[in-house]
Amino acid sequence: MRVLVVEDERLLADTLAEGLRRLSMAVDVVYDGDAALERVHVHSYDVVVLDRDLPKVHGDDVCRSIIDSGGEARVLMLTAAGDVNDRVTGLRLGADDYLTKPFAFDELVARVQALARRARPALPPVLQRSGVVLDLPRHQASRDGRHLALSPKEFAVLEVLMRAEGNVVSAEDLLEKAWDEHTDPFTNAVRVAVMTLRRKLGDPPVIDTLPGAGYRLS
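Under the UniProt record's numbering, the first residue of the sequence shown is numbered 1, with each subsequent residue one higher.
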């Protein structure tokens with residue numbers, strides 16, 4: 001899952017990003033509306049966590065641009081105002097959900113996960129394939145009843161492969177979906193993550209490597 005956090009309160013933005021990354025999400029962070037518009041036209045996000053009161057370009061205009069672009073990103077709008085009219089205005093702009101500050105981090109996570117499931121063809125919150133079970137809301141993985149102690153990045157790679165439903169996923173797509181924008185595109189991070197994930201999944205192997213094409217969960 002790839003998320004963009006747009007929030008001008010830097011401490012809040014960075015805290016949210018760090019918390020989401022611990023849940024295996026690839027998170028980019030910007031602090032104003034102008035930077036947000038630049039990012040959403042470069043990267044494909046599942047969810048945009050968008051503060052409404054932004055400098056440079058107002059959050060309303062950012063939301064309108066995201067909706068008008070026709071992309072699949074879902075918008076969770078944040079605001080310090082709890083007035084009903086403010087919430088209605090944000091939803092009428094095209095925001096998919098609304099959260100009033102201050103909020104509990106667990107609630108934000110639940111809303112982001114729910115929106116991400118709507119950003120693509122409907123999939124259940126628990127994914128199963130080849131004896132592997134991935135419980136997204138609980139952030140737990142198992143194979144044939146055996147708990148898998150996965151790192152956040154291994155969990156993210158496994159989620160991308162399971163969502164592909166047996167189709168090949170290129171290394172470039174894994175970088176796009178499971179790492180943030182600061183990752184070196186020439187890094188061997190994907191190969192290393194897949195290697196350690198294979199080891200933890202155990203035998204018989206369930207991740208196929210197709211030279212020159214990518215990876216597939218058999």
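Beta carbons are placed, not taken as given, at the ideal position from N, Cα and C, and that holds for glycine.
Residue i (DSSP reduced to helix, strand or coil)
i, result
"L197", "helix"
"P212", "Here residue 212 is Gly; the residue named in the question, Pro, does not match the sequence. Residue state, collapsed to three classes: coil."
"R22", "coil"
"V206", "coil"
"V5", "strand"
Anticipated Cβ contact below 8 Å, residue i with residue j, distance rounded
i, j, result
"V29", "A13", "5 Å"
"V126", "L115", "Their Cβ separation, rounded to whole angstroms, is 18 Å, which puts V126 and L115 out of contact at 8 Å."
"C63", "L50", "6 Å"
"R10", "Y31", "6 Å"
Proximal residues to residue i (C-beta, below 8 Å), its chain only, five neighbours per side dropped
i, result
"R118", "R74 and D96"
"A141", "V132, V133, L134, D135, H147, L148, L150, F155 and L158"
"L20", "V3, V5, V27, V109 and V112"
"K200", "L148, A149, L150 and E154"
Other residues of its chain near residue i: CB distance less than 7 Å, five sequence neighbours each side excluded
i, result
"R129", "M162 and L217"
"H58", "G33"
"I66", "V40, V48, A73 and V75"
"L210", "V168 and R216"
"V194", "V157, I207 and Y215"
Residues of its chain near residue i, where Cβ-Cβ distance is below 6 Å and the 5 sequence neighbours each way are ignored
i, result
"A17", "V5, V27 and V29"
Test item: CB-CB of residue i and residue j under 8 Å
i, j, result
"L78", "K101", "yes"
"A171", "W179", "no"
"H139", "L23", "yes"
Residue ranges of each alpha helix (DSSP H) within the segment 67 to 151, 4 or longer: Runs found: 84 to 93 and 105 to 118.
Every unbroken alpha helix (DSSP H) inside the segment 25 to 64 [4 residues or more]: 33 to 40
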